[in-house]
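When you read off a place in the sequence shown, starting at 1, and then add 501, the result is the number in the working numbering. Glycine residues also receive a C-beta, built at the ideal position from the N, C-alpha and C atoms. First comes the structure, then the notes that go with it.
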Amino acid sequence: MPGTAFVELALRAGGEAGCGRLDELTMETPLGLPTRGGVRLQVVLGGPDASGVRPVSIYSRAEEDATGAWVRHASGSVRPDKAEAEFDLTEWPRPVPNSFGWRTPTRSSPPGATATARPFRA
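In structure tokens, the structure reads:
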């Protein structure tokens with residue numbers, strides 16, 4: 502099974518708990534799909550820590566083996582979705598930090614610049 506399928510499983514489980522951002526995911530054991538029969542998958546989502554991050558693990562076992570051990574294929578963590586933007590979207594153009602001598606843009610062209618429209622000639 503491709504690694505992106507494990508990413509989708511972790512994101513889906515996290516999304517159900519309001520944690521739709523994948524923090525990390527470590528692939529531990531590859532999951533080979535059998536030619537006959539199926540595979541049962543189990544996605545375990547742990548409780549949140551102080552910052553809302555939850556551990557996630559993905560296991561499998563053969564479909565016909567109801568008492569067999571679960572094999573862990575991937576583990577990682579998911580974090581809550583950020584509802585707010587990382588900067589104020591209502592202020593545009595965004596102010597440029599002045600710590601490097603930059604200034605807040607006030608014009609679309611340099612002082613004294615002129616624009617002349619000319620027809621295109623091939």
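Taking 8 angstroms as the threshold, find out whether the segment 552 to 560 comes into contact with the segment 503 to 512 through three or more Cβ pairs. Yes: the two stretches touch, three or more of their Cβ pairs being nearer than 8 angstroms.
By DSSP, does Ala-551 sit in helix, in strand, or in coil? Assignment of Ala-551 by DSSP, reduced to helix, strand and coil, places it in the coil class.
The alpha helix (DSSP H) that contains Arg-537, what's its start and end? Counting along the chain, Arg-537 sits inside no alpha helix (DSSP H), nor does DSSP assign it H or E at all.
Tell me which residues share the same chain as Cys-520 and place their Cβ nearer than 6 angstroms to its Cβ, disregarding the 5 neighbours each side in the sequence. So the qualifying residues of the chain are Arg-555, Val-579, Arg-580, Pro-581.
Distance between Asp-550 and Glu-529 (C-alpha atoms, nearest Å): Roughly 23 angstroms between the two C-alpha positions.
Just how far apart, CA to CA, sit Leu-542 and Arg-562? The straight-line gap from Cα to Cα measures roughly 7 angstroms.
Assigned secondary structure, Ala-563 (DSSP; H/G/I helix, E/B strand, else coil): Strand, per DSSP.
How is the beta strand (DSSP E) around Gly-504 delimited, first residue to last? Going by DSSP, Gly-504 is part of no beta strand (DSSP E) but of the alpha helix (DSSP H) stretching over 504 to 517.
Would you mind reading off the limits of the beta strand (DSSP E) that contains Leu-532? In this chain, Leu-532 is not harboured by any beta strand (DSSP E), its DSSP state being neither H nor E.
Cut-off 7 angstroms between Cβ atoms - residues of its own chain near Ala-572, not counting five sequence neighbours on either side: A small fix is needed here, since residue 572 is Val in this sequence, not Ala. Within the same chain, Cβ atoms closer than 7 angstroms to the Cβ of Val-572 are found at Thr-530, Tyr-560, Ser-561, Arg-562, the five residues on either side in sequence being excluded.
So if DSSP puts Gly-577 in a beta bridge, which residue, or which two residues, is it bridged to? Within the DSSP bridge table, the entry for Gly-577 names Leu-526, Val-557 as partners.
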